[in-house]
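Quick notes on the structure that follows.
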Amino acid sequence: MALFGYYTPLSRNIKSDCGFNHEVTGALLCPAGLDWLNAETKQSLKSGETAVCGDQWPIFLYTSYIYDLEDLWKGLLRNEILIFGFKHVFMSPSSVDRELKATCSGNAYLHGMKSVTKGSLAYIATQVQFLLSSSSVFSHTDMVTGSNNFYHSILDLLEDPDETEEVADLMMWWMQFMTHITHKFELTLTQLDFS
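This is the structure we're talking about:
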């Protein structure tokens with residue numbers, strides 16, 4: 072899915088223009104398997120005629136925004152937007168930039184987080200979903216985003232004994248990412264003077 076071209080910029084303080092009310096956030100939140108570029112689908116999602124349940128996963132969860140109907144796991148939970156979200160929450164907001172410029176330790180370092188967990192992946196996906204949505208307040212009872220159901224549907228898949236091989240592969244992918252980023256972050260911190 073190409074998300075290039077000119078689109079109305081998002082407001083920093085007004086979320087009502089996000090979600091299915093904006094071309095880019097709408098495309099990212101569009102449930103995998105639906106075509107955001109189809110005018111009827113887009114209108115149905117915007118109007119709420121098509122209600123999106125928490126267990127209908129959005130396309131932003133997939134690498135390059137491509138969902139493979141034949142292979143649910145292909146690219147699942149490996150999208151760059153999730154990496155940015157993970158870095159923002161667990162490392163530091165500035166770690167999302169190409170060059171680290173942190174002035175203090177991030178949440179992962181402060182809390183001794185040495186690995187990516189299934190729960191942290193589900194949490195970041197839920198946070199990104201909320202960020203893209205038009206909901207102005209994050210709540211586990213939010214019926215617009217279905218955040219509680221969304222979080223648990225991801226966690227249920229990651230804890231499903233029948234998916235052990237795929238989950239192990241995913242967690243290894245994230246561990247390699249985490250190791251690389253943590254090493255870069257720690258090198259940056261050693262270069263800073265906190266005195």
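When the letters of the sequence shown are read in order and numbered with my numbering, they come out as residues 72 to 266.
Don't be surprised by glycine CBs; every beta carbon is placed ideally from N, CA and C.
Please classify residue i as buried or exposed, where buried requires at least 16 neighbouring CB atoms within 10 angstroms.
i, result
"Thr188", "exposed"
"Asn84", "exposed"
"Ser207", "exposed"
"Met249", "buried"
"Thr197", "buried"
"Leu81", "exposed"
"Phe247", "Per the sequence presented here, residue 247 reads as Gln, with Phe not at that position. With fewer than 16 Cβ atoms within 10 Å of its Cβ, Gln247 is classed as exposed."
"Cys26", "With the chain represented from 72 up to 266, any question about residue 26 goes unanswered, as that position is not in the structure."
"Gly97", "buried"
"Leu140", "exposed"
"Trp245", "buried"
"Ser210", "exposed"
"Ile137", "exposed"
"Ser275", "Here the chain comprises residues numbered 72 to 266, so residue 275 is not present and cannot be evaluated."
"Leu241", "buried"
"Leu108", "exposed"
Helix, strand or coil for residue i, going by three-state DSSP, please let me know.
i, result
"Pro232", "helix"
"Leu192", "helix"
"Lys86", "helix"
"Tyr138", "coil"
"Leu147", "strand"
"Leu181", "In this prediction, Leu181 scores a pLDDT of 49, lower than 50, which makes its location untrustworthy; the coordinate-derived value is nonetheless stated afterwards. Leu181 falls in the helix class under three-state DSSP."
What residue range does the alpha helix (DSSP H) around residue i cover?
i, result
"Leu116", "110 to 118"
"Leu100", "94 to 100"
"Glu151", "151 to 157"
Between residue i and the rest of its own chain, which residues show a CB-CB distance below 7 Å, the 5 nearest in sequence each way excluded?
i, result
"Gln114", "none"
"Trp267", "Because the chain in this structure spans residues 72 to 266, residue 267 falls outside the shown range and cannot be described."
"Ala110", "none"
"Trp144", "Glu237"
Among residues of its own chain, excluding the 5 on either side of residue i, which ones have a beta-carbon nearer than 6 Å to its beta-carbon?
i, result
"Tyr222", "Ala193, Thr197"
"Val238", "Leu229"
"Thr261", "Residue placement at Thr261 is flagged as unreliable, the pLDDT there being 45, under the threshold of 50; the coordinate-derived value follows with that caveat. So the list is empty, once near-sequence residues are dropped."
"Leu116", "Phe91"
"Leu99", "Phe131, Leu203"
So, for residue i: in the same chain, excluding its five sequence neighbours on each side, which residues have a beta-carbon less than 8 Å away from its beta-carbon?
i, result
"Thr112", "Cys101, Leu105, Asp106, Thr121"
(message) Does the structure place the stretch 145 to 153 close enough to the stretch 119 to 135 that three or more beta carbon pairs sit under 8 Å?
(response) Contact between the stretch 119 to 135 and the stretch 145 to 153 is present: 3 or more CB-CB pairs across the two stretches fall below 8 Å.
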